[in-house]
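Everything on this sheet refers to the single structure shown next.
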Amino acid sequence: MKAIERTTWFLVILMGVFGVMVAHAQITLDITKGIEGGGVPIAIAPFSGGAPENIAGIIASDLQRTGKFAPQPAGSRADYSVAGQANSGGSRGYVVQFQLSGAQGGQLLNLSFDAPANQLRAVAHRISDLIYEKLTGDKGLAGTRIAYVAGGGGTWYLVVADADGQNPQTILRSSQPIMSPAWSPDGSRLAYVSFEGRHPQIVVQDVSSGARRTVSAAPGINGAPSWSPDGRRLAFTLSKDGNPEIYALNLGSTTPVRLTSGGAIDTEPVWLPDGSIVFTSDRGGSPQLYRMAPGGGAAQRLTFEGDYNARPAVSPDGRTIAMVHRRGGRFHIAVLDLQNHQFRVLTAGGLDESPSFAPNGKMIIYSNGQRLTAVSLDGSVKQDFALRGNGRDPVWAPFAR
Amino acid sequence: MNHWIRPLIVAAALALLAGCAATGESTTEEQQTTQDATAQPGITAQPGQEAYSYGYGQAPVGAYETYDAAGGTATGATAGAGGRPGQAVAVGAVPADRIVYFSFDSAEVLPESRTIIEANARRLMKSSRTVTQLEGHTDERGSREYNIALGERRANAVRQAMIAMGVTPQQIRVVSYGEERPAATGQDEQSYALNRRVEIVY
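Quick mapping for you: the protein sequence lines, in order, are chains A and B. So for the first sequence, this note's numbering puts the first residue at 16; every next one is plus one. So for the second sequence, this note's numbering puts the first residue at 1194; every next one is plus one.
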């Protein structure tokens, strides 16, 4: 037994070393699955010129993923058409120009951009969003980002990627678990839980500089951070007083204020735009969602369907709450409309968890613990992210400001 | 319960060897290209066209720093649990006589766990300078943060039992890993049962 133990240890250590060596290589994710249903036909011609990115391909993929459009080859009969070119030149390396036209040939958009080669992909996403906004009136998601946690079993990664899963960047690597990333409202920082040092703490990290600060490392649980709408406060869970309670911390201060009390589990706080807080509590015997005033105090129960509703996420307009809902022993993503109290189960998974709204409120990204999926709020559009590694705890970033 | 736990643990130790060998292969993708963080961000509209300025000049495309968290050294408690779903069970170096198992959705200490808790309580009472960390775990089902709370509830149940047996509270630390450090990575009842546990770590 001793010998086996020693061999095991050796392998564990070897694994650790190898893990560090390949840590950068980890994850890329691609959207694989198409969209169910139709969409408005839009013909997209290959961009002329010699750009090192397939700009037309990226635009087609972006528009297809919205579920609202059905990209077609150039020359197809379509309601709209896109044509463009990307030539070397301009002050930054490339000049990208495109036109969006209606079926009668009327020009709807005609724009050009100067961009370096390494931002041609970002330009393509920007064009996709301009087309989407022009034709639907809603803000597009192609230029947004997501964050998620990958790895496990020895090395954990916090990753930021484009909304199509491309361009993944590891912003934190750790030999201990990472959990529950949350974007600041301006998209510049991530709060998350890190078990570095074998103890959970809440860390705020500036995404572009990498600068990080531990904002809570109390005895017991330090979990479930959530930003206030103004970005000045964090709500989170601490169990330093014996059982999990919700606290709010003014980021200019070091003393969190306790908002809940009692012997039950109170956790997973999220802020509504009006400053009130929705959270999970088992005070009624099973985990359910409750809502309390900004300063805490009496809470109103929000969910009554089934015996397990947890991990709330709030839509940008504050009208809809997404959650993890158990039904027949299986876990799904469900949504509750706070105005008409309509409750709908959105996903058919079984291990679905960690919902997060896209900044335009049209899509929800979630995980089954291994993979990421995005589903439209009406359930009609669904996209799987194919990962080379795994992914969980996804959070959609706000629109860049 | 759990006549099958002990042989499973032995099988698990063996599976760990296999698990380790298998883990190494998965990550040989190409290196991420580190983009030029000094490149001027921003894409501006050309004069003469529809005026438009883009906020994503502020988006640090490719400029992320990788920060290597200076994590504590792993004790190996669950170090082998990195397999894919459906892979064999893998348990690390915590011996079976330091693991307390729980029923689904429950933090109740089962009668058959008393022997293990008592033996560890005696060890702590014998040496007042010994400190143990009780690490609470859950299976993977349900919300991750709620599972952190459930894992802590389990660890606290073992703590209370030890204190009732005479252990000084100061000798016991509690941490919950929820579902983040599974002992078994299968998505089946057997794996879930192995994951609903408190590990008594010295």
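Yeah, the Cβ is synthetic: ideal placement off N, Cα and C, and Gly gets one too.
Buried is the label assigned to F400/A, since at least 16 other Cβ atoms lie within 10 Å of its Cβ. For T1308/B, the enclosing alpha helix (DSSP H) stretches over residues 1307 to 1319. The beta-carbon of R1352/B is placed no less than 8 Å from the nearest beta-carbon of chain A. For E260/A, the pairing in a beta bridge is given by DSSP as L253/A. The alpha-carbon of L249/A is positioned some 20 Å away from that of H214/A.
Restricting attention to R341/A, D245/A, R403/A, M338/A, the CA atom closest to the CA of P309/A is found in D245/A.
Distance from N237/A to S231/A at the Cβ level is roughly 5 Å; contact confirmed, criterion being Cβ atoms closer than 8 Å. Per DSSP, Y1294/B is one residue of the beta strand (DSSP E) stretching across 1292 to 1294. Distances from the CA of F210/A to each of G202/A, V222/A, R188/A were compared; the closest alpha carbon is that of R188/A.
DSSP places Q1383/B in the uninterrupted alpha helix (DSSP H) bounded by 1382 to 1388. Listed in chain order, the positions of the segment 245 to 264 of chain A with a beta carbon within less than 9 Å of a beta carbon of chain B are T252, S254, G257, N258, P259. With the rule of 3 Cβ pairs closer than 8 Å, the segment 134 to 152 of chain A counts as touching the segment 110 to 125 of chain A.
For S1369/B, the closest Cβ of chain A is nearer than 8 Å. Shown here, V138/A sits in a helix according to DSSP, grouped into three states. Not a single CB atom of chain B sits nearer than 8 Å to the CB of R298/A. I70/A has its alpha-carbon roughly 12 Å from the corresponding atom of N102/A. Bounds of the beta strand (DSSP E) holding N324/A are 324 to 329. With a 10 Å radius around the Cβ and a threshold of 16 neighbouring Cβ atoms, G168/A comes out buried. Taking a C-beta cut-off of 7 Å against chain B, the contacting residues of the segment 346 to 366 of chain A are F346, L366, listed in chain order. Here A98/A has A60, Q114 as same chain residues with Cβ atoms under 6 Å from its own Cβ, once five neighbours each way along the sequence are excluded. The secondary-structure analysis by DSSP pairs L205/A across a beta bridge with W198/A, Q220/A. With 16 or more other Cβ atoms inside 10 Å of its own Cβ, D1332/B counts as buried. With contacts defined by Cβ atoms closer than 8 Å, R1366/B and Q1326/B form a contacting pair. Here the alpha carbons of R334/A and I380/A stand approximately 17 Å from one another.
In terms of beta-carbon proximity, R1291/B stays away from the interface with chain A, with every pair separated by 8 Å or more.
A contact between stretches requires three or more CB pairs, one per stretch, nearer than 8 Å, and the segment 1302 to 1315 of chain B fails this requirement with the segment 253 to 272 of chain A. Minimum Cα-Cα distance from S296/A among the listed residues D77/A, V272/A, L287/A, D322/A corresponds to D322/A.
With a cutoff of 8 Å on beta-carbon distance, Y1339/B and A325/A are scored as near each other. Proximity of chain A to E1311/B at the Cβ level (cut-off 9 Å) is not reached, the minimal Cβ distance being about 24 Å.
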